[in-house]
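**Student:** Everything in the sequence shown is counted per the working numbering, starting at 511 for the first residue and increasing by one. The beta carbon of each residue, even a glycine, is placed where N, CA and C say it ideally should be. These figures come from a predicted structure and were not determined experimentally.
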Amino acid sequence: MPDLSLETTALAAGWSRIAGVDEAGRGPLAGPVVAAAVVLDVRALSSPVWAALDDSKKMTAAARDTLYEVITDSADTGVGIATVDDIDLLNILGATMKAMGDAMRVLKQAPDFALIDGNRLPVLTCEGACVVKGDAKSMSIAAASVVAKVTRDRIMKDLDQRYPGYGWAQNAGYGTKQHMDALSRLGATPAHRKSFAPVRKILSEGQP
Numbered sequence: 511m512p513d514l515s516l517e518t519t520a521l522a523a524g525w526s527r528i529a530g531v532d533e534a535g536r537g538p539l540a541g542p543v544v545a546a547a548v549v550l551d552v553r554a555l556s557s558p559v560w561a562a563l564d565d566s567k568k569m570t571a572a573a574r575d576t577l578y579e580v581i582t583d584s585a586d587t588g589v590g591i592a593t594v595d596d597i598d599l600l601n602i603l604g605a606t607m608k609a610m611g612d613a614m615r616v617l618k619q620a621p622d623f624a625l626i627d628g629n630r631l632p633v634l635t636c637e638g639a640c641v642v643k644g645d646a647k648s649m650s651i652a653a654a655s656v657v658a659k660v661t662r663d664r665i666m667k668d669l670d671q672r673y674p675g676y677g678w679a680q681n682a683g684y685g686t687k688q689h690m691d692a693l694s695r696l697g698a699t700p701a702h703r704k705s706f707a708p709v710r711k712i713l714s715e716g717q718p
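Okay, here's the thing in structure tokens:
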């Protein structure tokens, strides 16, 4: 379970506003990649609801939704969205870095230190450190993972209404059997990532 050890170490080193940053949606065939930056108020973490905070992928949708409301109500939160066009232009890594940087820039108050999930830093205006599997180690990163995933899941539910048949409300754009069958049957939509191999293959074959 994540805790505040990394945040406490950063505070002891002299930093005062520590942001956790994470993303959702690097792997899907459709939809944006979404990043979130969260600066937690440590004094606001006494509520029992925070005990459920974990890597968002390990949480139920209901638990994520509950914590999303708590996090966005009590913490400085920024969201960055890299569109399908960004992904196709920059590649998925470049788009992820863009989304992370954008999330940091829209925080109400700039942080002076960032804990970034993964092994690569985006362009930052403050000091930062990479934390591999950070959403399982840092509460700030875990909070960011919840905000990013809930935001992206909501976007995909909206896209599911616009482009029915692919099951995005359930599969969030990942290459499930339902999605792949629909991609073969219905073809690619403007919300698909044209640079991703399965979509590129459909387009090259002129399907449907």
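1) Quick one: Cα of Ala561 to Cα of Glu715, how far?
2) Quick one: any contact between the region 567 to 582 and the region 677 to 685, if contact means 3 or more CB pairs under 8 Å?
3) Could you tell me which residues DSSP puts in a beta bridge with Ser648?
4) For Glu579, name the three-state secondary structure that DSSP assigns.
5) According to DSSP, simplified to helix, strand and coil, what is Gly535?
6) What residues in its chain sit with their C-beta under 7 Å from that of Ala653, if we drop five residues either side in the sequence?
7) Under 6 Å Cβ to Cβ from Phe706, same chain only, skipping five residues before and after it: list those, please.
8) State the Cα-Cα distance for the pair Thr635 and Arg695, rounded to the nearest angstrom.
9) For the candidate residues Lys711, Lys659, Ile712, Pro700, whose alpha-carbon lies nearest to that of Ile597?
10) State yes or no: is the C-beta of Thr587 within less than 8 Å of the C-beta of Val656?
11) If we ignore side chains and look at the alpha-carbon of each, how far apart do Asp663 and Ala522 end up?
12) Where in the region 599 to 657 do unbroken runs of the beta strand (DSSP E), each at least 3 residues long, occur, reported from the N-terminal end onward?
13) Within its chain, find whatever has a CB closer than 6 Å to the CB of Ile602; leave out the 5 residues flanking it on each side and keep chain order.
14) Can the beta-carbon of Ala624 be found less than 8 Å from the beta-carbon of Val544?
15) Between which two residues does the beta strand (DSSP E) carrying Val548 extend?
16) Rounded to whole angstroms, how far is the Cβ of Leu577 from the Cβ of Val552, which I believe are closer than 8 Å?
17) Counting only the same chain and skipping the five closest in sequence on each side, list residues whose C-beta sits under 6 Å from that of Ala534.
18) Check each candidate in Val633, Val641, Arg615, Met649 and name the one with the smallest Cα separation from Ala554.
19) Note the first and the last residue of the continuous alpha helix (DSSP H) segment covering Val709.
20) Using CA coordinates, which residue listed in Leu617, Gln619, Glu637, Lys567 is at the minimum distance from Trp525?
21) In terms of residue numbering, what span does the beta strand (DSSP E) encompassing Ala592 cover?
22) Going along the chain, which residues of its own chain have a beta-carbon closer than 8 Å to the beta-carbon of Arg710, five neighbours each way excluded?
**Tutor:** A quick look at the data gives this:
1) In a straight line, the C-alpha of Ala561 is about 50 Å away from that of Glu715.
2) Judged by Cβ distances under 8 Å, the region 567 to 582 makes no contact with the region 677 to 685, as fewer than three pairs qualify.
3) BP columns for Ser648 point to Asp513.
4) Under the three-state reduction of DSSP, Glu579 is assigned to helix.
5) Three-state DSSP puts Gly535 in coil, outside helix and strand.
6) Counting only Cβ-Cβ distances below 7 Å, and skipping sequence neighbours, we find Gly530, Val548, Leu550, Leu563, Ile581, Ala585.
7) Listed in chain order, the non-local C-beta contacts of Phe706 below 6 Å within the same chain comprise Leu539, local neighbours out to five positions each way being set aside.
8) Distance between the alpha carbons of Thr635 and Arg695 is about 46 Å.
9) For Ile597, the nearest C-alpha among the options comes from Pro700.
10) Taking C-beta atoms as the reference points, Thr587 and Val656 fail to come closer than 8 Å.
11) Linking Asp663 to Ala522 through their CA atoms gives a straight-line distance of about 36 Å.
12) Counting only runs of 3 or more residues that sit fully inside the region 599 to 657, the beta strand (DSSP E) segments are 623 to 627, 637 to 641, in chain order.
13) The residues are Arg536.
14) In terms of Cβ geometry, Ala624 and Val544 do not form a close pair [threshold 8 Å].
15) Val548 -> beta strand (DSSP E) spans 543 to 549.
16) Beta-carbon to beta-carbon, Leu577 and Val552 are separated by about 16 Å, too far to satisfy the 8 Å threshold.
17) So the qualifying residues of the chain are Val544, Ala658, Lys659, Arg662.
18) Here the closest residue by C-alpha is Met649.
19) 707 to 714 is the span of the alpha helix (DSSP H), which, as asked, contains Val709.
20) Looking from the CA of Trp525, the closest CA among Leu617, Gln619, Glu637, Lys567 belongs to Glu637.
21) From DSSP, the beta strand (DSSP E) with Ala592 extends over 586 to 592.
22) In its chain, beyond the 5 residues on either side, Lys704 have a beta carbon closer than 8 Å to the beta carbon of Arg710.
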